[in-house]
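S.K.: This is the structure I want to talk about, given as structure tokens.
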């Protein structure tokens, strides 16, 4: 089954907000056997909204819409939808009380914007929003469904997970889709494509392969649609096993498992702890690790040593080495890793020191020169990276590479 | 003038990749007086591509497209475009040599995928890609323009900035658009809307106002289109000044300046340094600060003290206070801030300690309880936050609030 997504809001069209909702919704729909054929972002204008809905409902049996349901004057979606489906707005007493209660908790009285939020189109089914005032409205017309949700990401997610997906599944009969993503590192896209030509040409007829390159890695996604989920899974698994033989060293995880999640699994399994000493990554590795729920079980802390003072005073890097070799050097990054392991009392410590850019490079050490190190019971090892001119990219790739160094060590 | 954006790639439709390109392109176009009326994401299928291009070029004089230009088999965009515009693919010798040179640097020989990358439609103008193999192709048909770029964000950005925008400007005569964004914190969207009713109703007829809420803040965006840029700017400035009088304490920055950028400006102006001691934010504040180019001028480092051991041993938090009050307490967060200021030798230090969730809460300290602190020459001050159940959101809001505490201190 196919669905379309429509996101409403001038803020997306002027580029002030990145539309993260669509990707999240698409993923959820896919998991449930519904593929998204089109995503459209439009402005807060009634005629645009009507034209886009009409076209989308013409093409797809299900249309999910987000945005335009806030309490303020620039949001006209609810009125437009109500008119389009030939309904009128009436007060939902339960919703009114819910909004009143929510505001009362903060000592705020209902104002006219809040009152308007309690109005709903009289023919729409209402799916509650547990994290905000605007509920989901479910419209049916000519055997087609349109569901409208607020654009605030966590409100939309709450609605999808606590009612909408279930209603979609019970309303439509959906085929199965199986995706499998294989995360590879260390080989560029075109070399990889060349290595995989034979395998790719011999994939089962209905199986699709996509290459998804991103900084430091290439993800390979296999997809197949059918009726018997177990059979589809087996077909995919067979191809994954063939791939493992072609790429014995370059697969670091599956199914969009991030490197920090893979490292977390391995640390937990081996009951080991970790810390970081970060210069050019500036706390980004610590942030990645602590974004995982439950990271306190294996992560103890970090020293972000942006200044040389802190490298010396907190991590115990030798002042002479800092002077002779510079902060971006094998000598310093290895002492940083060893220092972090000691100061933070961990089993492993990761360290980075480099020139993230866009300025600060020299002939000998151009922008993008980064040293990474891993300390453990084996001692310490390090690698030099020659990266790019873009700061954000250098920070991300350095973090990825040093986490990958640890992943390889833990998988030994 | 209006433009549409089309992004191609199954990876967007299955939600594996968030479409950040569109927002970036929309922003660039807006700066140059071109407003985006629609953004559409579609799959790597020839008929979808053709139908969507046809409809978009029917509505808008300019269509920008990204994606589908990689070297691998799942990318069919170039062939489809060439057929659609009635052209054939010929080898671009300069491009061939460029690809060859790029690969030679890594010691990789040309393979058939790379050779295909050197083919271009014979009637398209070519705008070079300085960061990758696939160039931008500029097609003209019936006074309409379509420009196709690769989907890798930094390649697309390079093309836009080093040729495409210039060509668009010289090809079309464009009106001026002025946007001004006022960043507010501390007042929720509907209360704010109520406070601003009179002001909003008296805005000049052609001026549009949008409310853009996000965790911890509401951005207000004023927009106006016309011919005389200076006049438009003055009109907007007049309204901003009125707003400053209505909201004397809640405006923290303008024009999407992030709180960490505003803090950076203030620290540089006052020649002060900063460090952080982070527990629940796990290095995220350090990461935000060090994402700014040139942050080493005011940022010295951080201690991410996830474990109590590190709070005690590195930051010098009193063991008794940790035991009696717990890590998430006024006593501990204030000692963390003071400890960081001392250990990192900075003028100011920020600290956070809280329960980011989703687990780990108690009746007394539920998930979302966060203490933040600021240490400076005045001593130390702290605040208790009562946030939400969502980890990512709690980390972001805590970081925002403590940076805002510093912003207020620096603006005194």
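Protein chains in written order, with this note's numbering: chain A, 1 to 412; chain B, 1 to 412.
We put the beta carbon where it would ideally sit given N, CA and C, even for glycine.
The structure displayed is predicted, hence computed values, not measured ones.
Which residues in the same chain have their Cβ closer than 7 Å to the Cβ of residue 131 of chain B, if we skip the five residues on either side of it in sequence?
M.R.: Around residue 131 of chain B: 154, 155, 158.
S.K.: Just tell me which of B:119, B:111, B:203, B:230 has its CA closest to the CA of residue 88 of chain B.
M.R.: B:119
S.K.: Using a Cβ-Cβ cutoff of less than 6 Å, which residues in the same chain neighbour residue 84 of chain B once the five nearest sequence positions on both sides are dropped?
M.R.: 50
S.K.: Restricting to Cα atoms, I'd like to know which of B:338, B:62, B:207, B:374 is closest to residue 146 of chain B.
M.R.: B:62
S.K.: Would you kindly report the start and end of the unbroken beta strand (DSSP E) that includes residue 389 of chain B?
M.R.: Looking at the DSSP string, residue 389 of chain B is not in any beta strand (DSSP E), and its letter there is neither H nor E.
S.K.: Restricting to Cα atoms, I'd like to know which of B:291, B:382, B:237 is closest to residue 330 of chain B.
M.R.: B:382
S.K.: Mapping the DSSP letters down to three states, classify residue 2 of chain A as helix, strand or coil.
M.R.: strand
S.K.: When you compare only the Cα positions, how much space is there between residue 293 of chain B and residue 391 of chain A?
M.R.: 8 Å
S.K.: Pick out the complete beta strand (DSSP E) segments inside the stretch 205–256 of chain B, 3 residues or longer, and give them in chain order.
M.R.: 208–214, 217–226, 251–254
S.K.: Buried or exposed for residue 169 of chain A, going by 16 or more other Cβ atoms inside 10 Å?
M.R.: exposed
S.K.: Give the range of the alpha helix (DSSP H) segment to which residue 339 of chain B is assigned.
M.R.: 330–343
S.K.: Is any heavy atom of the ligand GDP found at a distance shorter than 7 Å from the C-beta of residue 187 of chain B?
M.R.: Within the structure as shown, the ligand GDP is missing, as the structure has no ligands at all.
S.K.: So does the stretch 246–255 of chain A actually touch the stretch 283–297 of chain A, counting three or more Cβ pairs closer than 8 Å?
M.R.: no
S.K.: Can a CB atom of chain B be found closer than 8 Å to the CB of residue 51 of chain A?
M.R.: Residue 51 of chain A does not count as touching chain B.
S.K.: By alpha-carbon positions, which one of A:327, A:370, A:275, A:372 ends up nearest to residue 307 of chain B?
M.R.: Restricting attention to A:327, A:370, A:275, A:372, the CA atom closest to the CA of residue 307 of chain B is found in A:275.
S.K.: Just to confirm the assignment, what range does the alpha helix (DSSP H) spanning residue 131 of chain A have?
M.R.: Careful: residue 131 of chain A lies outside any alpha helix (DSSP H) and carries neither H nor E.
S.K.: Which residues in chain A sit within 7 Å of residue 256 of chain B, going by Cβ to Cβ distance?
M.R.: 16
S.K.: Can you pull out the residues from the stretch 267–282 of chain A whose beta carbon lies closer than 7 Å to at least one beta carbon of chain B?
M.R.: 282
S.K.: Between B:30, B:177, B:13, which lies nearest to residue 23 of chain A when the distance is taken from Cα to Cα?
M.R.: Proximity to residue 23 of chain A across B:30, B:177, B:13 peaks at B:13, based on C-alpha coordinates.
S.K.: Closer than 8 Å between beta carbons: that is the criterion. Which residues of the stretch 142–159 of chain B meet it against chain A?
M.R.: 152, 154
S.K.: Give the DSSP-derived three-state secondary structure of residue 307 of chain A in the structure shown.
M.R.: coil
S.K.: How close, in whole Å, do the beta carbons of residue 247 of chain B and residue 277 of chain B come, if the pair is a contact with beta carbons under 8 Å?
M.R.: Not really, about 32 Å apart at Cβ, beyond 8 Å.
S.K.: Please name the residue in A:378, A:194, A:347, A:215 whose C-alpha comes closest to that of residue 387 of chain A.
M.R.: A:215
S.K.: Do we get a CB-CB distance below 8 Å when we pair residue 171 of chain A with the residues of chain B?
M.R.: no
S.K.: Determine, using beta carbons only, whether residue 407 of chain A and residue 266 of chain A come nearer to each other than 8 Å.
M.R.: yes
S.K.: Judging by CA-CA distance, which residue of A:179, A:141, A:379 is the nearest neighbour of residue 34 of chain A?
M.R.: A:179
S.K.: How many Å lie between residue 349 of chain B and residue 338 of chain B at the Cα?
M.R.: Cα to Cα, residue 349 of chain B sits roughly 7 Å from residue 338 of chain B.
S.K.: Taking C-beta to C-beta, are residue 328 of chain A and residue 354 of chain A nearer than 8 Å?
M.R.: yes
S.K.: Find out if the Cβ-Cβ distance for the pair residue 297 of chain A, residue 336 of chain A is shorter than 8 Å.
M.R.: no
S.K.: Could you check whether the stretch 184–197 of chain B touches the stretch 206–213 of chain B, counting it as contact only if at least three pairs of C-beta atoms, one from each stretch, sit closer than 8 Å?
M.R.: In this structure the stretch 184–197 of chain B lies against the stretch 206–213 of chain B, because at least three pairs of beta carbons, one per stretch, are closer than 8 Å.
S.K.: What does DSSP give as the partner residues of residue 65 of chain A in its beta bridges?
M.R.: A:6, A:148
S.K.: Within 10 angstroms of the Cβ of residue 59 of chain B, are there 16 or more other Cβ atoms? Answer buried if so, exposed if not.
M.R.: For residue 59 of chain B, the number of other beta carbons within 10 angstroms of its own is below 16, and it is reported as exposed.
S.K.: Of all the residues that make up the stretch 298–329 of chain A, which are near chain B by a beta-carbon distance shorter than 9 Å?
M.R.: From the stretch 298–329 of chain A, only 299, 300, 301, 302, 303, 304, 305, 306, 307, 309, 310, 311, 313, 314 have a Cβ closer than 9 Å to chain B.
S.K.: Return the CA-CA distance between residue 31 of chain B and residue 70 of chain A, expressed in angstroms with no decimal places.
M.R.: Cα to Cα, residue 31 of chain B sits roughly 27 Å from residue 70 of chain A.
S.K.: For chain B, is any of its Cβ atoms less than 8 Å away from the one on residue 70 of chain A?
M.R.: yes
S.K.: Would you kindly report the start and end of the unbroken alpha helix (DSSP H) that includes residue 113 of chain B?
M.R.: 112–117
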